[in-house]
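Colleague: When you line the sequence shown up against mature numbering (1 follows the signal peptide of the UniProt record, and there is no 0), it's residues -22 to -1, 1 to 1084, in that order. We treat Cβ as the ideally placed atom computed from N, Cα and C, and that holds for glycine.
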Amino acid sequence: MKKAWIVVSLFAWAIAPISSMAVGIATSMLPEGDVGLPYSATLSATNGTPPYSWEWRTYDMEAPYIETSQPNSFAETGVARGWQGYSYNSWTLAIPFDFPCFGGSYSSCQVDNYGRIGFDPDPYDDVDSYYYPKVTALGDSLITMDGDIYVDAQATYVTIRWEGVYEYYTDEYGNPYPVAFSVTLADDGTITMKYGNGNARGVRIYIREGNRPLAYYVRSPFSYSGSMDNVPDIVFSPIARDARVAGLSLTSSGLISGVPTVGFSNEVWVGVTDASGETDYRPIELVVFDDRDADGMLDVWEERIFSRNFEDAIASIYDVQREDNFDGDEFSNIEEFLLGLDPVTPDGDPLDTVQEGVELISKALTNDVDSVYFSLIDRCFMVAVDADPANYEARIYRAFSRLMNLVNDDELRAWLGEFGGALSFDFKLSGEFDINNIPLADDVVDRICSNALPAIDASYADLAFIPADWTGTAEISTNYFPVDETVYVDAADVAAAMSMLRLARAAALMARSQSANVDFEKLVLPMDGPLASVTVDGSTNDWNGVPVQLIGKIGSSIEYVKGARSASSVYILATLNTEEFDSLRIEAKVRLGLDSSVSAKQGYSSKNGWGYTNVSFSANGTNTEDMAWVYTNGMLEIEIPVPPGIAISNACVADLHLVFKGFIEGEWYDEYAGVTNYYSYYGSLDDDSLSAPSASPVETLLQSHPELLASVRSELDLSNAKIHLHEAIDLMQVADDRMKARADTLMHFIEYDPTNELVRTEFFNRLLEVEASLDAPLLVTETNNFGETVVDELVHLGAIFQPPYLSRAMLPEFWQTSAYPMNGTFPDPTFGGLLPGMSQGKVDEYLSLGAMPDADFDGLPDGWEYLYSGHPTNLVALSDDDGDGQSNFDEFVSGMNPTNPLSCFKAAFAPQEAGAAPGIIINWDAAEGRVYDILRCDQLGQTFLLLESGIHYPQNSYTDTLHRASSSGFYRVVVRKPTVDDSDADGLPDEWERDYLGGTHLAGSGMDSDGDGQDDVHEYLAGTDPTNAASVFAVFDARQATEGFVIEWVSMPERTYTVKWAPEVGAMFKTLETGIIAPGSYTDTVHSVESEGFYKVDVEMTPPTL
């Protein structure tokens, strides 16, 4: 017995490896099938213990939810639960029903202040929690301390609502952005995410189950997409979790059979269980064709045609053509298929009723789109209208169908084919386009207009045929149209539709009237070169005179970028305007010509060691790390050697992107723990990017490419667009009046809501302003961060069709705030007819208007410096660049050109005409925005007395009738420039004049209100009181002391002082010390031994700090 036991045991041990091998699915591929044809395939298994039992299984790589959206329905519902947290916190919430989620059922959940709901049994955010379902509506570090989490629990749903702020996401002032969102869990498993005001960034938005490679996961497209402020609701609806193909079944013996009714191309999941209960499951690819030849007709339907063709002219489905007519009736093969007719037997009644047309519209909207549908629809309504021209219902339906038919254009398909593209019958675009032969933008616009305008006009003609006093309606039924409820179209809706069609026609003509053919090469500035003198050495002197290629906004990290080239290298100089940083990442792209470019990337590391570089040349795919660079005091120089064989004659800087890195430190107070927590991490301090042509200097660009100033192709199209816009506005008003006059109780296509009367009134008032702007001057306000410029110009069409022109580019914004001084293609000075009275001279002038920002505080506005030098800090106020004897500051005040020696402010006596009244006539060159004063004295050295004040442009002369023409005397013409803060241009801010003098215009040139010997302007500069004679700027003590000669004066706040010394009267003063602030004292230790000397103290206002 013992021996037998040993034998049996050995036998059992010997067969154990065989029986213990796991059951597996041997079938790796299923045969292809066709819709409408019998299908059969048998699955096979390996290993395990037969018999095997087969079943459909579920997807294990895909969550059983489908995501859709619906109109925003966020509401402040629920009861505050006191769930307030600064750092991570989680609370348990009982659900009033069993919530189905990922195959499980849950009666409670965990809610945290990070915008998440978890269905794990405990509130701890540990590793185990990731194996349970989780719903994340706004996954981020959120704080609910000043808000709360609210719960609205009902019998069939529960809503959880968060109110709080982001923990680390703040505005420029450090204020955290608010969040307001909710999640509703319904008893049928539906999950709805809703978003209110705030939610400035959407980070993680998803539902998931598990924390493994096979985890179910659905991430919303809204994740990481930007602001979630009042966006549409996100709805996750549960779906069936199997992959059965309609019409096919799977028996337990492994037979897949049946007649598939829909096409399928995906994996089906199958599972097998052996006799011992071991299982295996996996996906197997299955393809069921419904249309192998992709001609829009089901293969099984085409089989009937070629199977009946006894002459063998049609040998397969590929021989059945859409346009052929096999059975010889009035319908082609594709028409028979779409109408559901027999392809081999003549049948089908003629299409001649409105009802048939409406039914076909329904089919076209609910089935795969086929262009033939629309020709059939048009045939129905054409017959109906020909039989009864007063069939207004048919005309309305036909107008609608013709607009649907805009995409039905076989010519368009053929045209796309010329460039390597293909448009299928269901309007899917495919193919590889030939980039070198892509049509020009104008050709595309012309082709679109040639297709769209006839359909628009035909639809408009049908609607225009309907009389204004028509009292009938056309039904838009839910049975045929994609509407939520049946509505009715009446005369008011017809007028509104006509308005939209006229608006569409005006927009199309507007687009066609302007040229969009602008080569990118014309929108960038070529580098100077070859310049052998540029070297990467930390000194920027060799960059003097090299023009700026890209300009940043005021306050941005990149002030400007220059580019240059030598025979073998390209160079970049970036002037940076940012705080100290630890490391820098740079990405730059330099275009070398039409067909090549160089992209440079440098990695994060310290400024003294770049770490890694990567330079790629698209012309030959060569990469190199041979790049030289120097960073010194905010100036970054880069040299990129170019491999031989790559032409760089047309090089330009296309874009530059910088990321500044460093350690970020901060603290936050935990109210619950009563402690202050500190944090420090390495991250991005700032980043900035400039790209051509949006950051290109406008003036330099236009000087380099004057051909850009000609974009209007058709004045006739512009004129007609204006006419149609008038018609559209008039029709809109007609529609509104008809809607208000409705007396029926029907639900109309467009309903009049009396509760929105104020909104409608405001809308139509603005619409009337737009219409008036087409024919009369309109005050256009151009605003930037510093102020406004009001321009009186005639506006054409821009208010509706070109909103960017009104908001940004109607007049180029001042360079400081203009991230995009050009809108794609820079049009001519009239902006494509929008401003017909505009000229390039006016554009130049507008660049210098505004609140006069002055980045270098030299008294010259940045816009004015930019206008004449190409940069806001290139001109020096006291310099005389054109050598005409007047400083740049004087030329700015007088409105002259600082680069033209013939443009300088001067006055002259005018000859007196015979018979004119006696008097002396003085002429001068007047400039817009300037004010002039006339002064006179009898002898030089005497005080000039005011004759006339406040002469405004364009007056450019003054006649002195108080002094005879024969008398002697001297005249002075003083020019002043009013500003926003100094309306009378007397050099005194209006606020200062009102505070001290009781109003503006009470002080003037040379006026001394308190008679202390210093005029009001000097008192303002010195910070003294112009109404108190004892308040005067003067040196009150000068004495010899042991340490040197001491000079003392009364110092004032916000003033700095400069002490100068000269050895004798008439000698040049030498600056001893500048930038002196309180107290007002200076000790001269150098000249105290001199027997004689003269001191002078100058005062100036302290420039404001940015």
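Along the chain, where does the alpha helix (DSSP H) that runs through A485 open and close?
Modeller: Taken as a continuous stretch (DSSP letters only), the alpha helix (DSSP H) holding A485 covers A469 to S491.
Colleague: Which residues does DSSP list as the beta-bridge partners of G965?
Modeller: Partner(s): none; G965 has no beta bridge.
Colleague: Threshold first: 3 residues or longer. Then list the beta strand (DSSP E) segments lying entirely within the segment 53 to 84, N to C.
Modeller: Here the runs fully enclosed are 68 to 79.
Colleague: Does DSSP put V1013 in a helix, in a strand, or in coil?
Modeller: Looking at V1013 - three-state DSSP - the assignment turns out to be strand.
Colleague: Just to check my reading of the structure: L636 and S534 have Cβ atoms closer than 8 Å, yes? What is that Cβ distance to the nearest angstrom?
Modeller: That pair is no contact at about 10 Å.
Colleague: Could you name the residues of the same chain whose beta carbon sits closer than 7 Å to that of N878, not counting the 5 residues immediately before and after it, in chain order?
Modeller: Cβ neighbours of N878 beyond the five flanking positions: D860.
Colleague: Can you tell me which of the three DSSP states R972 falls into?
Modeller: Residue state, collapsed to three classes: helix.
Colleague: Determine, using beta carbons only, whether L925 and D916 come nearer to each other than 8 Å.
Modeller: In this structure, D916 does not lie closer than 8 Å to L925 by Cβ.
Colleague: Distance, Cα to Cα, G266 vs M275?
Modeller: Before going further, note that residue 266 is Val rather than Gly in the sequence given. C-alpha separation (whole angstroms): 15 Å.
Colleague: Sorted by chain position, which residues of the same chain lie with C-beta nearer than 6 Å to Y549's C-beta, five sequence neighbours on each side aside?
Modeller: Contacts found: V512, A542 and E617.
Colleague: Does the Cβ of R786 have 16 or more other Cβ atoms within 10 Å, making it buried, or fewer, making it exposed?
Modeller: Residue placement at R786 is flagged as unreliable, the pLDDT there being 29, under the threshold of 50; the coordinate-derived value follows with that caveat. By the 10 Å Cβ count, R786 comes out buried.
Colleague: Do N303 and S294 have their beta-carbon atoms positioned less than 8 Å apart in this structure?
Modeller: For S294 and N303, no; Cβs fall outside 8 Å.
Colleague: Looking at the structure shown, is M1079 part of a helix, part of a strand, or coil, going by DSSP?
Modeller: In this structure, M1079 counts as strand in the three-state DSSP scheme.
Colleague: Report the rounded CA-to-CA distance for M710 versus S205, giving the unit in angstroms.
Modeller: Each residue's Cα considered, the two are about 34 Å apart.
Colleague: According to DSSP, W140 sits in a beta bridge with which residue or residues?
Modeller: Paired residues: I127 and F159.
Colleague: Within 8 Å of any Cβ in chain C, is that where the Cβ of M985 sits?
Modeller: In the displayed structure, chain C is absent; only one protein chain is listed.
Colleague: Does H930 pass the burial test, meaning 16 or more other C-beta atoms within 10 Å, or should it be called exposed?
Modeller: Exposed is the call here.
Colleague: Given this structure, state the Cα-to-Cα distance separating N866 from K884, to the nearest angstrom.
Modeller: Taking the straight line from one Cα to the other gives about 15 Å.
Colleague: Is the CB-CB distance between V363 and R376 below 8 Å?
Modeller: The answer is yes: Cβ separation under 8 Å.
Colleague: Within 10 angstroms of its Cβ, does P321 collect 16 or more other Cβ (buried), or is it exposed?
Modeller: P321 comes out buried.
Colleague: By alpha-carbon positions, which one of Y910, T1005, D297 and D325 ends up nearest to G306?
Modeller: Cα-wise, what sits closest to G306 is D325.
Colleague: Using a 10 Å radius around the Cβ and a threshold of 16 neighbouring Cβ atoms, would you call Y173 buried or exposed?
Modeller: Answer is buried; the Cβ neighbour count reaches 16.
Colleague: Taking just the CA atoms, how far does N345 sit from D297?
Modeller: Taking the straight line joining both Cα atoms gives about 24 Å.
Colleague: Measure the alpha-carbon distance for L668 versus A855 and round it to whole angstroms.
Modeller: Spanning the two alpha carbons is a distance of roughly 29 Å.
Colleague: From which residue to which residue does the beta strand (DSSP E) around C882 run?
Modeller: Here C882 belongs to no beta strand (DSSP E), and DSSP marks it neither H nor E.
Colleague: With a threshold of 7 Å, establish whether the CB of T55 neighbours any heavy atom of the ligand SAM.
Modeller: The ligand SAM is not among the ligands present in this structure, which contains no ligands whatsoever.
Colleague: Give the secondary structure of V769 by DSSP, where H, G and I count as helix, E and B as strand, and everything else as coil.
Modeller: Low local confidence applies: a pLDDT of 49 at V769 is under 50, so the model's placement there is unreliable, and no value is given.
Colleague: In the DSSP assignment, what residue or residues form a beta bridge with P154?
Modeller: Paired residue(s): T148.
Colleague: Going by the DSSP bridge assignment, what does L923 pair with across the sheet?
Modeller: DSSP lists R914 as partners of L923.
Colleague: Would you please state the rounded distance, in angstroms, between the beta carbons of P156 and E145? I believe it to be under 8 Å.
Modeller: 12 Å between Cβ atoms; not a contact.
Colleague: What is the DSSP secondary structure of G11, counted as helix, strand or coil?
Modeller: Correct three-state label for G11: strand.
Colleague: Of the residues L923, Q88, T464 and V1077, which one's Cα is nearest the Cα of N67?
Modeller: Closest option to N67, Cα to Cα, is Q88.
Colleague: Could you work out which residue in S119, A1045, T733 and T553 is closest to K718 when comparing CA atoms only?
Modeller: Ranking the options by Cα distance to K718, first place goes to T733.
Colleague: Is N555 helix, strand or coil by DSSP?
Modeller: Correct three-state label for N555: coil.
Colleague: Report all residues from its chain with a CB closer than 8 Å to the CB of D269; omit the five preceding and five following residues, and keep chain order.
Modeller: Contacts found: G241, M275, L276 and D277.
Colleague: May I have the straight-line CA-CA distance separating G1058 from V953, to the nearest angstrom?
Modeller: Approximately 34 Å, taken between the alpha carbons.
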